[in-house]
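J.: Quick one: the structure is below, and I'll ask about it shortly.
Protein chains in written order, with the numbering used here: chain B, 17 to 365; chain G, -8 to 302.
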């Protein structure tokens, strides 16, 4: 059936291996670049890290000892190598604010952000892709304009402001949804964190009341982030679909008498699947970014709020730790979408 | 002199429109003006883009005339007059320090223009320089420059900007620097892509045969051709820059109080949302309108200047 001459297995294996190595090298250099940036930021910062540890009343001898103990007397390149070693083994130093190792803090707060971002992505996909398709199919119609405006607003509304307005209407005025936080205060700390994902933990513990409360708390911030994800996805879906619907194979399918819904949802959308995967991966990464502002507005105890608090307290280890973790997640998501790309699209293999 | 000749010719041929749309332009200037006129006509057809342009023009006018338009001092506090609702003396009410919100929003337009202007002035030249040099020279320089660009592109903008602000310290100038540092990579990408298509054109070869240096070719012949696509991209990005700057202000890392920056104003009104809705509504709406205007204008420009766009 295949028109492509089958390559001998060994050649194909070598080809795959070469590709894998190339991707890994690229990832490694990009990550190294990020580490250079965070390392340099950590050096130019006007706060003296030694003073932060010993205090400004320390004698010169104590100060010097602390400096040597922190490795700050070594040449810069040696410091950088030590830094890489630390980061790779997950050692981002100690947070000044919480006095915990930064990595422990991040692991503790991350599930909350992940819960939020996943829910938002699901909302974005479920609404954004059908709306994008509708808009492309009915191009130029009234609904197309409405959908485009919805998308445009998503690119123009400040997320923190929309969050505050949402709180003002649904919490203060209408009292439909709960206020900030992950659960109501009197439910806090009842469920022992097993996975850190409150939804899962509360089910495991059999606390349905808390589960329900947590879902209510999730609705507003997740829909808010989901709206931004949707705005992005529908715009991209629209332009991909318009491109596909103009292709000749669509005409062929229609001439053959394929039903219209099958042409749209099967033929055209099928060919959009690959770029859409990349776009979804990108939007997931952007949500991690949007969560910084959203979590601040909703007092959501995730990575974003942790980052903001560290920033305001000039807690450099924590700030740079968060930057590296978010950067690594970005790279991971991109790698994952590349991988999916290859699975879905035979041409990319 | 030339201008007078032009005017005479315009009058002779009867009507400026005819002169602009002449099939056989007499000069390069006339051809250029004709093209610009056609572009303008296409742009004017896109009503939303025109609306965007109008909003931006009004923003500039408001910013220039701020001292005349604002009825009150934007930073002077008056505790006895705090949290007043909307009225004819205070169109947008007053905030938690008794400052007139209407005046603050008007003065805030200056800060917004300051931010987007400086970011564009810093980031666009850096991007175009890196992109054209990488694209024209190729080889190892191209690889190195594009790897650096990719590193910046691979990571979320706001998070990187936050990391830079944390090192530089809070403040509007530092926020601008941080945003500019994270904004140039896409411009470099675009400029490089344009340069690679232009680099092998015959006219570049002709210029090179005449003995033009690489510097001259890049600055005199390649950069001007990169400008249209770059301008669209910068305009589209300005909406994002406004949102990022406002976000930094909201987090307390951008403009510092009592400066009337819209994001910082929203943050100030946060505590009062239960009974005093106008504190956050007014500055937030201002951010929204301006960023929407840039999105509309950017979309319109793309349709006019970029023939490859699907619309």
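Cβ coordinates follow ideal geometry from the N, Cα and C atoms, glycine included.
Quick check: the region 267 to 278 of chain G against the region 79 to 96 of chain G, are there 3 or more CB pairs under 8 Å?
T.: yes
J.: The alpha helix (DSSP H) spanning residue 93/B covers which residue range?
T.: Here the alpha helix (DSSP H) through residue 93/B covers 92 to 104.
J.: When the distance is taken between beta carbons, is residue 113/G closer than 7 Å to residue 171/G?
T.: yes
J.: Which of the three DSSP states, helix, strand or coil, is assigned to residue 191/B?
T.: coil
J.: Residue 30/B by DSSP, collapsed to three states: which one?
T.: Three-state result, residue 30/B: helix.
J.: Beta-carbon within less than 8 Å of residue 169/B's beta-carbon, same chain only, minus the 5 sequence neighbours each way: which residues are those?
T.: For residue 169/B, where only same-chain residues beyond five positions count, the Cβ hits under 8 Å are 247.
J.: Residues of chain G with a CB under 9 Å from the CB of residue 174/B: which are they?
T.: 233, 234, 237, 238, 241, 253, 254, 257, 275, 278, 279 and 282
J.: Taking 7 Å as the CB-CB cut-off, is residue 86/B touching chain G?
T.: no
J.: Interface residues of chain B around residue 141/G at Cβ under 7 Å?
T.: 46
J.: Would you decide whether residue 281/B is buried or exposed? Buried here means 16 or more other CB atoms lie within 10 Å of its CB.
T.: exposed
J.: By a C-beta neighbour count over all protein chains shown, 10 Å radius and 16 as the cutoff for buried, is residue 76/B buried or exposed?
T.: exposed
J.: Taking residue 162/G as the reference, which of 249/G, 74/G and 115/G has the closest Cα?
T.: 249/G
J.: Can you find a CB in chain G that lies within less than 7 Å of the CB of residue 352/B?
T.: So, not an interface residue.
J.: For residue 297/B, report the span of its alpha helix (DSSP H) as first-last.
T.: Counting along the chain, the alpha helix (DSSP H) containing residue 297/B begins and ends at 285 to 314.
J.: Output the residue ranges of the alpha helix (DSSP H) runs that lie fully inside the region 11 to 56 of chain G and measure 4 residues or longer, sorted by chain position.
T.: Qualifying alpha helix (DSSP H) stretches, in chain order: 19 to 36 and 38 to 55.
J.: At a Cβ threshold of 7 Å, is residue 157/G touching chain B?
T.: Closer than 7 Å to some Cβ of chain B, the Cβ of residue 157/G qualifies, so yes.
J.: Decide if the region 305 to 314 of chain B is in contact with the region 273 to 293 of chain B; the criterion is three or more beta carbon pairs, one per stretch, under 8 Å apart.
T.: no
J.: Are residue 319/B and residue 129/B closer than 7 Å when you measure CB to CB?
T.: yes
J.: Taking residue 326/B as the reference, which of 122/B, 35/B, 41/B and 266/B has the closest Cα?
T.: 122/B
J.: Determine, using beta carbons only, whether residue 246/B comes closer than 7 Å to chain G.
T.: no
J.: Ends of the alpha helix (DSSP H) at residue 77/B?
T.: 76 to 85
J.: Would you call the CB atoms of residue 317/B and residue 212/B closer than 7 Å?
T.: no
J.: Once the 5 residues before and after residue 11/B are set aside, which same chain residues still bring their CB inside 7 Å of it?
T.: Shown here, chain B extends from 17 to 365; a query on residue 11/B therefore has no answer.
J.: Thinking C-alpha only, which one of 133/B, 132/B, 131/B and 104/B is nearest residue 119/B?
T.: It is 104/B.
J.: Counting only beta-carbon separations shorter than 7 Å, does residue 182/B have a partner in chain G?
T.: Taking CB atoms only, residue 182/B has no neighbour in chain G less than 7 Å away.
J.: State the beta-bridge partners of residue 355/G as determined by DSSP.
T.: This structure cannot settle anything about residue 355/G, because the visible part of chain G is limited to -8 through 302.
J.: In terms of alpha-carbon separation, which member of 227/G, 254/G and 234/G lies closest to residue 240/G?
T.: 254/G
J.: Based on Cα-Cα distance, which residue from 313/B, 322/B and 298/B lies nearest to residue 9/B?
T.: Here chain B has residues from 17 to 365 only, and residue 9/B is not among them.
J.: Between residue 151/B and residue 163/B, which are expected to be in contact by the criterion C-beta below 8 Å, what is the C-beta distance as a whole number of angstroms?
T.: 4 Å
J.: Against residue 79/G, what residues of chain B qualify as contacts under a CB-to-CB distance less than 7 Å, listed in chain order?
T.: What residue 79/G touches in chain B: nothing, since even the nearest Cβ is about 25 Å away.
J.: Can you say whether residue 177/B is buried or exposed, counting buried as having 16 or more other CB atoms within 10 angstroms of its CB?
T.: buried
J.: Would you decide whether residue 157/G is buried or exposed? Buried here means 16 or more other CB atoms lie within 10 Å of its CB.
T.: buried
J.: For residue 26/B, count the other beta carbons within 10 Å of its own beta carbon; 16 or more makes it buried, fewer makes it exposed. Which is it?
T.: exposed
J.: At a Cβ threshold of 7 Å, is residue 18/B touching chain G?
T.: Residue placement at residue 18/B is flagged as unreliable, the pLDDT there being 48, under the threshold of 50; the coordinate-derived value follows with that caveat. Chain G, which has no Cβ nearer than 7 Å to the Cβ of residue 18/B, makes this no.
J.: Are there 16 or more other CB atoms within 10 angstroms of the CB of residue 300/G, so buried, or fewer, so exposed?
T.: Low per-residue confidence applies at residue 300/G: pLDDT is 46, beneath 50, and the placement is therefore not dependable enough to give any value.
J.: Does chain B have any CB closer than 7 Å to the CB of residue 300/G?
T.: For residue 300/G, the predicted model reports a pLDDT of 46, less than 50, meaning its position is unreliable; a value from the coordinates is still stated below. It does not: the Cβ of residue 300/G has no partner Cβ on chain B nearer than 7 Å.
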